[in-house]
Amino acid sequence: MTARRTAAAAVALGIAPLALTGLATAPAAAHGTMTDPVSRVSACYAEGPESPDSAACKAALAASGPQAFYDWNEVNIANAAGKHKELIPDGKLCSANRDKYKGLDLPRGDWPSSPLAAGKHTFRYKATAPHRGSFELYLTKDGYDPSKPLKWSDLEAKPFAKVTDPKLENGAYVFDGVVPARSGRHLVYSIWQRSDSPEAFYTCSDVVFGKDNGQAGGAPAPTASAPSDEQIADGADQSTVDHGGHGGDDHAGQPPQGGAAPAGPKAAEPLRDTDTTGANAPAAHGAGTPAPAAAAAGDNLAETGGNGMTPYVAAGGAAVLAAGAALLFGTARRRAAAGGRHGR
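Going by the working numbering, the residue at position 186 of the sequence shown is 259; the numbering climbs one at a time, nothing skipped.
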């Protein structure tokens with residue numbers, strides 16, 4: 074092989090790790106929302122993204138449009154990195170300060186609600202692209218007024234439930250918490266901060282302890298229902314959420330999605346769905362402990378906990394192999410041609 078060909082081969086082989094390294098930095102998205110107690114966005118999606126039943130969801134539809142409901146699992150901030158209060162101002166907690174979801178911030182006492190009681194409760198968070206991270210649940214203080222915009226000061230200073238890497242069961246995170254005593258209408262605010270990314274997700278779930286006192290005249294608001302798997306599947310074609318990146322509008326106050334994200338903690342293994350019961354947190358992989366086997370090719374990312382980087386790495390690897398094969402094939406042809414000339 075000539076010096077020129079040797080250099081070309083070296084360049085081609087040298088590109089491979091660089092290409093794969095670049096692809097490996099592609100963002101991976103996790104998506105989901107609280108379904109027990111039911112979040113506002115999932116309640117309105119379950120009622121019908123374009124023709125909801127309740128007055129509150131109709132008002133939210135008028136403010137935000139149906140796409141906010143079709144994208145029920147993306148009320149997030151891409152680069153939150155734990156700076157929730159810095160990035161989300163008072164009055165915009167339910168939308169995570171995203172204009173796309175501004176209808177969720179409407180202050181009113183007739184949002185579809187879930188019954189809740191003091192004591193132990195099992196919470197469920199639908200995860201369409203699960204990853205490791207921590208959940209914090211906050212409850213509004215005594216005296217909460219749902220007719221006023223929700224402020225950070227309306228929430229208790231400390232979460233009443235906090236869990237890291239809860240179990241994933243039938244497509245949902247499942248964990249327990251002890252709910253403080255309250256009466257009447259309140260709100261549960263959840264923050265899901267990923268540990269393998271600076272991305273965080275937020276939900277507002279309207280709840281009622283005993284009698285609903287949230288509306289003028291005392292008339293009860295409708296009971297919230299989470300969307301069924303069939304409803305989720307039916308609306309999937311209308312969703313702009315991309316599990317290999319981020320769909321929808323730009324995230325308020327955040328750099329463009331193609332920009333570099335701030336350095337975060339070391340990427341952790343994605344969670345895997347299980348049907349087993351037991352402790353909330355899965356066993357940690359310590360020194361000498363084998364990690365779970367990698368997901369087989371073609372597995373659904375939402376089921377295996379894989380991330381959006383996987384197809385890009387696969388495509389990048391295929392491209393590198395194809396380039397290498399073409400280079401070797403071309404070299405072989407030139408050698409054969411040269412041999413034929415020398416033999417004449």
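Every residue gets a Cβ at the ideal spot worked out from N, C-alpha and C, and that includes glycine.
For glycine 308, the first and last residue of its enclosing alpha helix (DSSP H):
The residue labelled residue 308 in the question sits at position 235 within the sequence shown. Start and end: 302-308.
For the alpha helix (DSSP H) containing lysine 449, name the first residue and the last one.
Outside the shown range of the chain, which is 74 to 417, sits residue 449, and nothing can be said about it.
Where does arginine 113 sit, in a helix, a strand or coil, going by DSSP?
Counting from one through the sequence shown, the residue named residue 113 turns up at place 40. Secondary structure at arginine 113: helix, using DSSP grouped into helix, strand and coil.
What does a CB cutoff of less than 6 Å around arginine 197 pick up in its chain, not counting 5 residues either side in sequence?
Position 124 of the sequence shown, counting from 1, holds the residue named residue 197. Thr108, Asp109, Ala245 and Val247.
Local Cβ density within 10 Å of threonine 313, reported as buried at 16 or more and exposed below that
Here residue 313 refers to the residue found at position 240 when the sequence shown is read from its first residue. Counting Cβ neighbours within 10 Å, threonine 313 comes out exposed, since fewer than 16 surround it.
Using the three-state DSSP reduction, which class does aspartate 249 fall into: helix, strand or coil?
Locating residue 249 in the sequence shown gives position 176, where the first residue counts as 1. Correct three-state label for aspartate 249: strand.
If distances are taken between C-alpha atoms only, which option among Lys175, Val114 and Asn286 comes closest to serine 220?
As a first step, residue 220 must be located in the sequence shown, where it is residue number 147. Of the candidates Lys175, Val114 and Asn286, the one whose C-alpha sits nearest the C-alpha of serine 220 is Asn286.
Short check: CB of valine 261 to CB of leucine 223, under 8 Å?
Within the sequence shown, residue 261 is the residue found at index 188, counting from 1. Within the sequence shown, residue 223 is the residue found at index 150, counting from 1. No, Cβ-Cβ distance for valine 261 and leucine 223 is not below 8 Å.
How about the region 190-204 and the region 159-173: do they share at least three Cβ pairs that are nearer than 8 Å?
no
Which residue marks the beginning of the beta strand (DSSP E) containing lysine 240, and which one marks its end?
For the purposes of this step, residue 240 is identified with residue 167 of the sequence shown, where counting begins at 1. Note, lysine 240: beta strand (DSSP E), 240-242.
Buried or exposed for glutamine 311, going by 16 or more other Cβ atoms inside 10 Å?
As a first step, residue 311 must be located in the sequence shown, where it is residue number 238. Classification for glutamine 311: exposed.
Could you pull out every residue in the same chain whose Cβ sits closer than 6 Å to the Cβ of proline 180, ignoring the five residues on either side in sequence?
As a working mapping, residue 180 is identified with position 107 in the sequence shown. Taken in chain order, the residues that qualify are Ser220, Lys221 and Pro222.
Where glycine 446 sits in the DSSP three-state scheme
This structure cannot settle anything about residue 446, because the visible part of the chain is limited to 74 through 417.
Three-state secondary structure assigned by DSSP to leucine 228:
Mapped onto the sequence shown, residue 228 falls at position 155. Strand at leucine 228.
Since alanine 299 and aspartate 183 should fall inside the 8 Å C-beta cutoff, what is the C-beta to C-beta distance between them, to a whole number of angstroms?
For the purposes of this step, residue 299 is identified with residue 226 of the sequence shown, where counting begins at 1. For the purposes of this step, residue 183 is identified with residue 110 of the sequence shown, where counting begins at 1. The Cβ separation is near 19 Å, so there is no contact.
Checking 8 Å against the spacing of the C-beta atoms, do serine 263 and threonine 276 come in under that value?
The count along the sequence shown starts at 1 and reaches residue 263 at position 190. The count along the sequence shown starts at 1 and reaches residue 276 at position 203. Result yes, Cβ atoms of serine 263 and threonine 276 sit closer than 8 Å.
Helix, strand or coil: how does DSSP classify lysine 131 here?
By 1-based counting over the sequence shown, the position of residue 131 is 58. Three-state result, lysine 131: helix.
Look up threonine 213 in the DSSP assignment and give the residues it is bridged to.
In the sequence shown, residue 213 corresponds to position 140, counting from 1. Its beta-bridge partners are Leu228.
Checking the sheet assignment: what are the DSSP bridge partners for tyrosine 262?
Along the sequence shown, read from residue 1 onward, the residue named residue 262 stands at position 189. Beta-bridge pairing links tyrosine 262 to Tyr211 and Cys277.
By DSSP's criteria, histidine 194 is part of a beta bridge. Which residues make up the other side?
As a first step, residue 194 is located in the sequence shown; it is residue number 121 there, counting from the start. Beta-bridge pairing links histidine 194 to Gly250.
Give a yes or no on whether the C-beta atoms belonging to valine 281 and serine 186 are separated by under 8 Å.
Translated into the one-based positions of the sequence shown, residue 281 becomes position 208. Translated into the one-based positions of the sequence shown, residue 186 becomes position 113. Their beta carbons are under 8 Å apart, which means valine 281 touches serine 186 by this criterion.
Using the Cα positions of valine 236 and proline 125, report the straight-line distance between them to the nearest angstrom.
Within the sequence shown, residue 236 is the residue found at index 163, counting from 1. Within the sequence shown, residue 125 is the residue found at index 52, counting from 1. Using only the alpha carbons, I get a separation of about 33 Å.
To the nearest angstrom, how far is it from the Cα of threonine 106 to the Cα of serine 256?
Taking the first residue of the sequence shown as position 1, residue 106 is located at position 33. Taking the first residue of the sequence shown as position 1, residue 256 is located at position 183. Separation of threonine 106 and serine 256 (C-alpha to C-alpha, rounded to the nearest whole angstrom) is 25 Å.
Could you tell me the alpha carbon to alpha carbon distance between glycine 283 and asparagine 243, rounded to whole angstroms?
Taking the first residue of the sequence shown as 1, we reach residue 283 at position 210. Taking the first residue of the sequence shown as 1, we reach residue 243 at position 170. Their Cα atoms are separated by approximately 30 Å.
Does the beta-carbon distance from leucine 210 to glycine 164 come in below 8 Å?
Along the sequence shown, one-based indexing puts residue 210 at 137. Along the sequence shown, one-based indexing puts residue 164 at 91. No; because the gap between Cβ atoms is not below 8 Å, this pair is not in contact.
Which value, in whole angstroms, describes the spacing of the CA atoms of phenylalanine 208 and serine 301?
Residue 208 sits at position 135 when you count from the first residue of the sequence shown. Residue 301 sits at position 228 when you count from the first residue of the sequence shown. Straight-line Cα distance between these residues: approximately 23 Å.
Check whether leucine 134 and glycine 176 have beta carbons under 8 Å apart:
Start at 1 with the first residue of the sequence shown, and residue 134 comes out as number 61. Start at 1 with the first residue of the sequence shown, and residue 176 comes out as number 103. Here leucine 134 is near glycine 176, since their CB atoms are less than 8 Å apart.
Are the beta-carbon atoms of alanine 297 and valine 114 separated by less than 8 Å?
Your numbering for residue 297 matches position 224 in the sequence shown. Your numbering for residue 114 matches position 41 in the sequence shown. Taking 8 Å as the cut-off, the beta carbon of alanine 297 is found no closer than this to the beta carbon of valine 114.
State the DSSP-derived secondary structure class of alanine 136, mapped to helix, strand or coil.
Sequence index remark: in the sequence shown, residue 136 carries index 63 (1-based). In the structure shown, alanine 136 sits in a helix (DSSP, three-state: H, G or I).
Using only CA atoms, which one of Ala200, Asp218, Thr195 and Lys240 lies nearest to alanine 234?
In the sequence shown, counting from the first residue as 1, residue 234 sits at position 161. Of all alpha-carbon atoms in Ala200, Asp218, Thr195 and Lys240, the one lying nearest the alpha-carbon of alanine 234 is that of Thr195.
Report the residue from Ala309, Tyr118 and Leu160 whose alpha carbon sits nearest the alpha carbon of glycine 274.
Along the sequence shown, one-based indexing puts residue 274 at 201. Here residue 274 is phenylalanine; the residue named in the question, glycine, does not match the sequence. The residue with the shortest Cα to Cα distance from phenylalanine 274 is Leu160.
Going by alpha carbons, who is nearest to tryptophan 265 out of His157, Ser127, Lys131 and Leu228?
The residue labelled residue 265 in the question sits at position 192 within the sequence shown. When only C-alpha atoms are compared, the closest one is His157.
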